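**Q**
Number of protein chains: 4
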Amino acid sequence: MKPVNHITLRKNLTVNALVNEMSKSGVLGAGALAKAVDIFEEMHNDKDCKIFMGIAGAMVPGGMKNIIHEILREKMIDVLVITGANLTHDMIEALGHRHFQGSHMADDNELNKKGLNRIYDSYMPNKSYEDLEDFFSRNYDKLKSIKSVNELLWKIGELTPNDSILKLCWQNKIPVFCPALGDSGIGLMFWGLLAKGKSLDVKAFEDLKEIIDIAWTAKKAGVIYIGGGTPKNYIQQAMQLSPHKASYGIQITMDRPEPGGSSGAELKEGISWGKLERNAKFVNLICDATIAMPIIFSAVKDRV
Amino acid sequence: MKPVNHITLRKNLTVNALVNEMSKSGVLGAGALAKAVDIFEEMHNDKDCKIFMGIAGAMVPGGMKNIIHEILREKMIDVLVITGANLTHDMIEALGHRHFQGSHMADDNELNKKGLNRIYDSYMPNKSYEDLEDFFSRNYDKLKSIKSVNELLWKIGELTPNDSILKLCWQNKIPVFCPALGDSGIGLMFWGLLAKGKSLDVKAFEDLKEIIDIAWTAKKAGVIYIGGGTPKNYIQQAMQLSPHKASYGIQITMDRPEPGGSSGAELKEGISWGKLERNAKFVNLICDATIAMPIIFSAVKDRV
Amino acid sequence: MKPVNHITLRKNLTVNALVNEMSKSGVLGAGALAKAVDIFEEMHNDKDCKIFMGIAGAMVPGGMKNIIHEILREKMIDVLVITGANLTHDMIEALGHRHFQGSHMADDNELNKKGLNRIYDSYMPNKSYEDLEDFFSRNYDKLKSIKSVNELLWKIGELTPNDSILKLCWQNKIPVFCPALGDSGIGLMFWGLLAKGKSLDVKAFEDLKEIIDIAWTAKKAGVIYIGGGTPKNYIQQAMQLSPHKASYGIQITMDRPEPGGSSGAELKEGISWGKLERNAKFVNLICDATIAMPIIFSAVKDRV
Amino acid sequence: MKPVNHITLRKNLTVNALVNEMSKSGVLGAGALAKAVDIFEEMHNDKDCKIFMGIAGAMVPGGMKNIIHEILREKMIDVLVITGANLTHDMIEALGHRHFQGSHMADDNELNKKGLNRIYDSYMPNKSYEDLEDFFSRNYDKLKSIKSVNELLWKIGELTPNDSILKLCWQNKIPVFCPALGDSGIGLMFWGLLAKGKSLDVKAFEDLKEIIDIAWTAKKAGVIYIGGGTPKNYIQQAMQLSPHKASYGIQITMDRPEPGGSSGAELKEGISWGKLERNAKFVNLICDATIAMPIIFSAVKDRV
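Protein chains in written order, with my numbering: chain A, 6 to 309; chain B, 6 to 309; chain C, 6 to 309; chain D, 6 to 309.
(1) For B:I291, go through chain D and note every residue whose CB falls closer than 9 Å to its CB, in chain order.
(2) Counting only beta-carbon separations shorter than 7 Å, does D:L213 have a partner in chain B?
(3) Mark A:N311 as exposed unless 16 or more other C-beta atoms lie within 10 angstroms of its C-beta, in which case mark it buried.
(4) Taking just the CA atoms, how far does B:P8 sit from C:L100?
(5) What are the boundary residues of the beta strand (DSSP E) that B:L121 is part of?
(6) Any chance the stretch 274-290 of chain B sits against the stretch 233-251 of chain B, with 3 or more Cβ pairs inside 8 Å?
(7) Can you have a look at B:S108 and say buried or exposed, based on whether 16 or more other CB atoms are within 10 angstroms of its CB?
(8) Mind pulling the beta strand (DSSP E) runs of 3 or more residues that sit fully within the stretch 7-88 of chain A?
(9) With a threshold of 6 Å on Cβ separation, who are the neighbours of C:N238 within its own chain once the five nearest residues in sequence on each side are excluded?
(10) Going residue by residue through the stretch 121-184 of chain A, where are the continuous alpha helix (DSSP H) segments of at least 4 residues, counting only ones entirely within it?
(11) Just to make sure I have the definition right: I need the residues of chain C whose C-beta is within less than 8 Å of the C-beta of D:A90. Which are they?
(12) Which class does C:L272 belong to by DSSP, given the choice of helix, strand or coil?
(13) Hey, could you find the ends of the alpha helix (DSSP H) B:F302 is sitting in?
(14) Please classify A:E274 as buried or exposed, where buried requires at least 16 neighbouring CB atoms within 10 angstroms.
(15) Residue ranges of each alpha helix (DSSP H) run of no fewer than 4 residues wholly in the stretch 245-289 of chain A, ordered along the chain?
(16) Can you tell me which of the three DSSP states B:K237 falls into?
(17) Do three or more CB pairs link the stretch 61-74 of chain B to the stretch 8-25 of chain C at distances below 8 Å?
(18) If you check the beta carbons only, do B:V32 and A:A209 fall under 7 Å apart?
(19) Locate the alpha helix (DSSP H) running through A:K118, then write down its first and last residues.
(20) Please state if the CB of A:G227 and the CB of A:I76 are separated by a distance shorter than 7 Å.
(21) Out of curiosity, what's the CA-to-CA distance linking D:L199 and D:E138?
(22) Below 8 Å on C-beta distance, what does B:L85 contact in chain A?
(23) Determine the extent of the beta strand (DSSP E) in which C:G227 is found, giving its start and end residues.
(24) Compare the C-beta of D:L33 against all C-beta atoms of chain B and say whether one is closer than 7 Å.
(25) Restricting to Cα atoms, I'd like to know which of C:D126, C:K16 and C:P66 is closest to C:G133.
(26) Could you name the residues of the same chain whose beta carbon sits closer than 6 Å to that of C:P184, not counting the 5 residues immediately before and after it, in chain order?
(27) In the DSSP assignment, what are the bridge partners of A:Q106?
(28) Grab me the residues of D:N167's own chain with a C-beta within less than 6 Å of its C-beta, minus the 5 sequence neighbours each way, in chain order.
(29) From the DSSP output, in three-state form, read off D:K203 for me.
(30) Give the single residue among B:K306, B:I296 and B:V305 whose Cα lies nearest to the Cα of C:S30.
(31) Residues of chain A with CB under 8 Å from D:R103, in chain order?
(32) For the candidate residues D:Y125, D:W196 and D:I301, whose alpha-carbon lies nearest to that of D:F141?
(33) Taking only beta-carbon positions, decide if C:P299 is within less than 7 Å of chain B.
(34) CA-CA distance, C:G68 and A:M48?
(35) Does the CB of A:R123 have a neighbour CB from chain B at under 7 Å?
(36) Find the nearest neighbour of A:M58 within the set A:P264, A:A39, A:K286 and A:Y230, judged by alpha-carbon distance.
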């Protein structure tokens with residue numbers, strides 16, 4: 006048995022050095038956080054391993070945009086599955102808008118009058134939507150004949166004027182999926198086109214062919230879930246259909262397992278389903294992702 | 006100010022009588038649970054109010070199937086938005102299979118060898134999928150030309166041999182939506198058809214027209230969210246686009262608001278977005294839905 | 006394997022009948038709630054079993070007073086360990102004051118000006134303390150020479166004019182402990198006496214002799230924890246020192262196990278410590294206690 | 006309004022630099038973490054401010070010992086209130102024993118056979134207790150006449166052979182309190198002495214005089230709570246009795262506010278009670294303390 010080596014601080018400690026201290030303590034949240042870094046490093050260095058990343062929750066309004074962009078720019082992952090909400094917030098920033106620091110105790114009536122939409126303690130101005138509508142109207146002709154959601158997302162990326170999640174996916178040829186794109190601000194833009202009588206060819210299930218092909222042909226797979234939601238489940242079901250289950254797993258969530266939902270389910274449950282290898286290296290980190298992501302990827306940056 | 010009247014038990018207390026006691030105490034979880042019943046009763050009795058229900062989490066493997074079926078049979082709601090996972094588990098039971106009582110501490114390796122998929126402490130046998138595949142193969146011709154996910158869901162309901170969520174929605178003409186159907190066992194059945202070269206016409210965003218039309222034309226709206234996920238968000242965005250925001254709101258979840266995700270966000274946040282009326286009656290109930298649903302709908306049954 | 010039998014509602018369902026339905030479903034929170042009732046019934050019927058109950062959290066301001074009183078009146082437990090806060094709130098009501106229904110979103114500045122102390126969404130008026138001070142001043146002579154906290158608590162009970170937790174413990178000879186009595190409003194009353202130069206004989210560790218004697222001489226033990234805190238840990242350590250570990254265990258809390266604290270620790274952890282029998286019947290129920298307690302004790306009432 | 010400035014990583018980022026990035030993002034968990042550092046820095050630099058720190062949860066088995074020791078060695082706080090469990094684990098290490106890295110999925114029966122006590126995923130060997138017993142037997146004469154728990158704790162510190170929380174408190178004249186010392190392994194040592202017929206003079210409420218005196222005479226107060234439990238509540242009630250309420254507040258917990266318990270209650274609730282100044286600077290950080298503490302005190306180290 007390894008003893009718990011107490012974390013020791015010193016001046017000018019780097020994040021990676023702190024994570025190394027946490028690794029030596031090896032228990033509770035700090036131990037799990039360090040293990041997440043170790044597993045990410047190991048799957049990154051495993052040349053046979055395709056890394057599938059799922060991102061849910063308020064990551065873009067929560068200040069994680071640059072980290073996600075860098076992950077894509079540096080091709081640290083092979084497949085991205087993300088919620089429509091994050092894509093919407095990211096597009097809005099790519100079109101020149103910002104999110105703002107607020108308070109979760111604000112008067113929501115007052116915010117509504119001021120045209121501010123609250124996401125816990127960050128605000129998104131209502132007027133951000135206008136440029137988004139304009140973007141989709143302007144580019145309708147280039148989008149209308151696309152058949153699958155994943156191709157649609159790359160095309161949106163190609164058309165986006167500034168760095169965005171989708172643009173970086175497109176530039177770096179990282180397949181990107183959004184299992185419930187209709188359930189988001191971007192989805193509403195497509196509804197807006199349909200409501201004006203403009204047709205769209207994009208099909209409901211075409212994207213499944215692509216992600217399952219990728220999972221099927223991967224020699225090895227690793228998964229990292231920031232939050233749960235559809236991104237986690239969508240990757241998990243691709244793992245289930247693949248001959249090679251995930252060999253590495255990292256899950257960061259504040260959701261509990263006891264209510265039985267997919268988001269809070271511990272990774273080891275996936276072993277029963279054949280989504281995770283019996284001998285996989287995995288960790289469930291119970292932590293606010295806006296704390297965990299910067300630490301993990303800061304440490305990873307120093308290591309790889 | 007009303008005093009906290011302590012809950013008093015007696016022999017043969019009915020669930021509704023207990024909820025009335027909780028209403029008199031009026032605080033903490035018990036108070037919120039009683040308020041949920043009161044709000045549901047009030048929106049049920051409000052003839053102008055269309056009730057939108059969102060269901061996420063492991064409700065069917067969690068023993069809530071009959072309650073959901075009865076809600077639909079009795080037309081207690083006007084619109085259902087639900088996860089593909091619940092539809093899959095429900096279809097599997099409609100085709101003659103069962104879920105089983107297990108343990109969250111089971112050895113997942115052993116379960117995998119036995120062909121049992123674990124959902125916290127319930128198990129779904131692997132072989133349940135076979136009849137599901139057969140159902141979709143057999144009915145392909147009746148599904149292939151359908152354009153929207155909501156029509157597809159009604160058609161699946163019509164074709165299902167026994168009572169199921171979808172069959173009851175179809176029979177009772179309750180519009181039913183599933184914003185991420187591809188992200189589920191049923192979604193995988195459609196992938197299976199596509200993978201065999203069979204085409205499907207169903208489009209990605211067509212369903213949005215239907216739900217937004219319903220929200221738009223409702224004189225008044227009430228929302229009830231069992232869990233968060235895409236069902237909550239999908240209804241919330243329909244509320245946002247509608248001239249009549251929700252006047253009533255009930256949310257039952259174990260997710261926290263602090264990480265900023267939609268599932269755990271308190272209902273009052275929706276006021277800033279224009280999804281909830283400024284003077285709406287609403288309650289956030291922090292409770293395992295498998296405890297809250299039976300109590301709420303048992304009490305509602307005695308009241309309406 | 007037992008199938009998940011879906012919960013079926015009917016008109017005028019009693020709480021106990023609903024719990025029986027939950028027992029047949031057997032999974033997730035509903036299954037755990039039903040199991041808690043079954044275990045309580047079984048330990049109640051086991052004549053050799055001494056039941057140790059720990060109560061933490063805002064149970065008295067939360068409307069649970071009558072249920073706790075009835076448990077004591079009916080001698081459904083053999084030992085009570087409780088927080089000083091609950092004793093304080095209960096004493097205040099025994100002296101004629103009330104708690105009030107409020108809102109967790111209230112302006113705390115305003116409440117402070119009005120002399121209202123907030124406990125989430127219940128309020129305790131500041132003036133309640135005055136009668137409490139008067140009670141302890143008046144009865145100082147009868148308390149000053151008592152040596153152990155448990156005897157002190159019984160004496161306070163004897164002196165209390167109306168039904169209270171302590172009076173009912175005293176009347177029914179139920180030993181009652183409060184491991185951190187100083188950390189409460191009642192503790193502050195004793196500080197007030199000391200500050201006025203009045204001496205008190207009560208010792209810090211005398212109560213340990215009593216609870217460990219009870220645990221040591223019990224043929225069998227059962228534990229039920231409403232919340233964690235010192236009541237849980239204090240009973241757990243008595244179990245650890247006893248030759249007969251707990252044979253039955255019920256824990257109701259919203260705290261998580263992952264941070265490692267005693268309050269959220271799963272009961273099974275106690276097996277490693279020798280606090281719980283290897284073959285004990287036990288359940289961890291993740292639920293707001295103000296919801297779980299009324300249901301459990303309502304069902305128990307119909308069964309015993 | 007300040008925009009959310011997205012966190013940007015770079016090579017060799019120090020923890021403090023990362024916290025500065027989090028401060029610029031300003032929202033969700035990362036924003037709260039950064040605010041905790043800012044508030045600690047500010048109260049540290051406020052020469053009139055006495056800092057009261059409460060520590061609960063499995064901080065010593067969780068690898069936080071050195072950080073706590075350094076806080077005391079550097080006199081970064083003025084008063085410590087801590088659980089008996091942490092003092093016990095710390096004493097055991099001071100007497101030469103260790104805690105070990107384990108797994109929360111271990112078989113607790115097997116651990117029990119091996120004499121390993123589990124604290125989530127760390128283990129404490131049973132035999133650690135033997136030296137603790139020996140220490141208290143050997144030093145009984147020096148402890149038996151002490152009247153208050155706080156003096157008892159300093160004396161234990163004085164007698165401890167190696168660095169420990171209590172020794173460092175004693176050396177640096179930092180008052181240290183433990184409101185439920187009986188409810189811990191150290192408490193059991195005193196029970197052991199009593200059980201052998203050895204008397205102890207320590208009184209139950211004497212310590213209250215000391216902490217309330219300190220709070221009363223402080224020109225200004227700041228509070229930092231690692232976990233809740235008795236340490237938080239004990240400091241809070243001292244604040245309530247003091248003419249100067251807390252001007253600064255930091256709370257780190259994973260407990261929820263909704264069940265109404267003191268541990269999870271948001272700091273702002275304290276404003277209603279007169280425990281926190283109306284204009285206090287405060288933050289509730291929802292995070293595993295083993296992650297938050299190292300980050301906060303690493304950043305603080307670089308700043309002060």
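Think of the CB as a built atom: it goes at the ideal place given N, C-alpha and C, for glycine as much as any other residue.
This one's a predicted model, so the numbers in the text were calculated from it and none came from an experiment.
**A** Inspection of the coordinates gives the following:
(1) R261, E263 and P264
(2) D:L213 is outside the set of residues whose beta carbon lies under 7 Å from a beta carbon in chain B.
(3) Outside the shown range of chain A, which is 6 to 309, sits residue 311 of chain A, and nothing can be said about it.
(4) Distance between the alpha carbons of C:L100 and B:P8: 15 Å.
(5) L121 to I124
(6) yes
(7) exposed
(8) 54-60 and 84-87
(9) Here the set comprises S267.
(10) 133-143, 145-148, 154-164 and 170-176
(11) N238 and S267
(12) coil
(13) A294 to R308
(14) buried
(15) 274-278
(16) Of the three classes helix, strand and coil, the one that applies to B:K237 here is helix, per DSSP.
(17) yes
(18) Their beta carbons are not under 7 Å apart, which means B:V32 does not touch A:A209 by this criterion.
(19) D113 to K118
(20) Taking 7 Å as the Cβ cut-off, A:I76 and A:G227 do not qualify as a contacting pair.
(21) 13 Å
(22) Those do not exist, as B:L85 stays about 15 Å from chain A at its closest Cβ, beyond 8 Å.
(23) C:G227 -> beta strand (DSSP E) spans K225 to I231.
(24) yes
(25) Checking the displayed sequence, the identity of residue 133 of chain C turns out to be Ser instead of Gly. When only C-alpha atoms are compared, the closest one is C:P66.
(26) T235 and Y239
(27) Beta-bridge partners of A:Q106 (DSSP): A:S127.
(28) A99
(29) Of the three classes helix, strand and coil, the one that applies to D:K203 here is coil, per DSSP.
(30) B:I296
(31) P8 and V9
(32) With distances taken between Cα atoms, D:F141 lies closest to D:W196.
(33) yes
(34) 52 Å
(35) yes
(36) Answer by Cα proximity: A:Y230.
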